[in-house]
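**Student:** Protein chains in written order, with my numbering: chain A, 694 to 800; chain B, 123 to 238. By construction, the Cβ of each residue, glycine as well, lies at the ideal position given by its N, Cα and C atoms.
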Amino acid sequence: AQRVTQPEKLLSVFKGAPVELKCNYSYSGSPELFWYVQYSRQRLQLLLRHISRESIKGFTADLNKGETSFHLKKPFAQEEDSAMYYCALGNTGKLIFGQGTTLQVKP
Amino acid sequence: DTAVSQTPKYLVTQMGNDKSIKCEQNLGHDTMYWYKQDSKKFLKIMFSYNNKELIINETVPNRFSPKSPDKAHLNLHINSLELGDSAVYFCASSPRVLAGSYNEQFFGPGTRLTVL
Numbered sequence: 694a695q696r697v698t699q700p701e702k703l704l705s706v707f708k709g710a711p712v713e714l715k716c717n718y719s720y721s722g723s724p725e726l727f728w729y730v731q732y733s734r735q736r737l738q739l740l741l742r743h744i745s746r747e748s749i750k751g752f753t754a755d756l757n758k759g760e761t762s763f764h765l766k767k768p769f770a771q772e773e774d775s776a777m778y779y780c781a782l783g784n785t786g787k788l789i790f791g792q793g794t795t796l797q798v799k800p
Numbered sequence: 123d124t125a126v127s128q129t130p131k132y133l134v135t136q137m138g139n140d141k142s143i144k145c146e147q148n149l150g151h152d153t154m155y156w157y158k159q160d161s162k163k164f165l166k167i168m169f170s171y172n173n174k175e176l177i178i179n180e181t182v183p184n185r186f187s188p189k190s191p192d193k194a195h196l197n198l199h200i201n202s203l204e205l206g207d208s209a210v211y212f213c214a215s216s217p218r219v220l221a222g223s224y225n226e227q228f229f230g231p232g233t234r235l236t237v238l
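1. Quick one: using the 10 Å Cβ neighbour count with 16 as the cut-off for buried, is A:Leu703 buried or exposed?
2. Check the Cβ of B:Pro217 against every Cβ in chain A and list those closer than 8 Å, keeping chain order.
3. Thinking just about the alpha-carbon of each residue, which of A:Arg734, A:Cys780, A:Tyr718, A:Asn784 is nearest to the one in A:Lys758?
4. Taking the DSSP output, what are the residues bridged to B:Ile167?
5. Does any C-beta atom of chain A lie closer than 8 Å to the C-beta of B:Phe186?
6. Is A:Val798 closer than 8 Å to A:Ala770 when the C-beta atoms are compared?
7. Where does A:Glu773 sit, in a helix, a strand or coil, going by DSSP?
8. Any idea which residues DSSP pairs B:Trp212 with across the strands?
9. For B:Leu203 and B:Thr236, what's the separation of their Cα atoms in angstroms?
10. Which of the three DSSP states is assigned to B:Leu205 in this structure?
11. Within 8 Å (strictly less), CB to CB, does B:Gln227 reach chain A?
12. With DSSP as the reference, please indicate the residues paired to B:Thr233 in a beta bridge.
13. Roughly how many angstroms lie between the CA atoms of B:Tyr171 and B:Tyr157, to the nearest whole one?
14. Buried or exposed for B:Gly150, please, with buried defined as at least 16 other CB atoms from any protein chain shown within 10 angstroms of its CB.
15. Looking at the strands, I want to know which residues DSSP matches up with A:Arg742.
16. Mind checking the segment 781-800 of chain A against chain B and listing, in chain order, the residues whose C-beta falls within less than 7 Å of any C-beta there?
17. What residues of chain A sit near B:Leu165, judged by a beta carbon separation below 9 Å?
18. Can you find the residues in the same chain that come closer than 6 Å, C-beta to C-beta, to B:Lys144, ignoring five residues on each side of it along the sequence?
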C-alpha cells in the first residue's frame, strides 16, 4: 500500500542549527514527492517537489529510491521556518500526506 | 484576490444536523479536492472532481456528498453529523492532472467543524 511516514511529530532546533525533517515512503512505482508547509495562520502551500530539484527558502530535498526517503534539509534554520511540514506522495491523481512534522526554531 | 476560498471558516453544530461547506476557486483550475485534517493533524483526501466529474472517492461514509455545480465550485454536504466528523476540512484545486504527472495543489484556508 502507498504510504508516507514522517517519524517526528515535533522537531525543535535553535536558530542557525541544521535541520532535517525525515520522510519515508512506500510506493511500488516511480514516485512523485512533495513537501508542503503550513505557517501559522496561513494556508497549506507547496514548498518544493522532487522533480524540480530546486532549493526554496534554503530548503532542499533529495529523493533516495534505495532508502525510499525524501528528507527535507536546511543547513541553517531561521525562526521564520517555524511551521508544520507535510511530506506528500503523488499517486493516481491524489496526494497522500504524511502525518506532518512541526518544526520549532528557537531564538 | 486570486485564491481558493471556503465558507464558513468555523462551523459549530449539534450531532444529527446537516451542514454544508462551500469552496470556490478563481484560478481557472480543472480539478478540485476535499481533504480532512483530524485532531492529530493527519491530512487525508476525501474526494476529487475534475471538471465537475467525480474522479476520486476515498472510502468516505455516504453521509458526505460533494457537489460541483461548475468547475470553479466544489461544495461538501454532510448529513446526520457525528462527533467523529469534527475536523478541519480543506478544499484544494490544481490545473488539470495529466497522466503520469502532478501539478501543485492550491489550498483553501480550511473550515473548522465542531460537532457537539
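**Tutor:** Put simply:
1. exposed
2. Near B:Pro217 there are no residues of chain A at all, since even the closest Cβ is about 12 Å away, more than 8 Å.
3. A:Tyr718
4. B:Tyr157
5. no
6. Yes, Cβ-Cβ distance for A:Ala770 and A:Val798 is below 8 Å.
7. helix
8. Sequence check: residue 212 of chain B is Phe here, not Trp. Per DSSP, B:Tyr157.
9. Going from the Cα of B:Leu203 to the Cα of B:Thr236 covers about 10 Å.
10. helix
11. Judged by the 8 Å Cβ criterion, B:Gln227 is in contact with chain A.
12. B:Tyr211
13. 12 Å
14. With fewer than 16 other Cβ atoms from the protein chains shown falling within 10 Å of its own Cβ, B:Gly150 counts as exposed.
15. In DSSP, A:Arg742 forms a bridge with A:Phe727.
16. Gly783, Gly786, Lys787, Leu788, Phe790, Gln792, Gly793
17. Ordered by position in chain A, the residues that pass the 9 Å Cβ test against B:Leu165 are Tyr729, Leu737, Tyr779, Ala781, Leu788, Phe790, Gly791, Gln792, Gly793.
18. Thr129, Asn197
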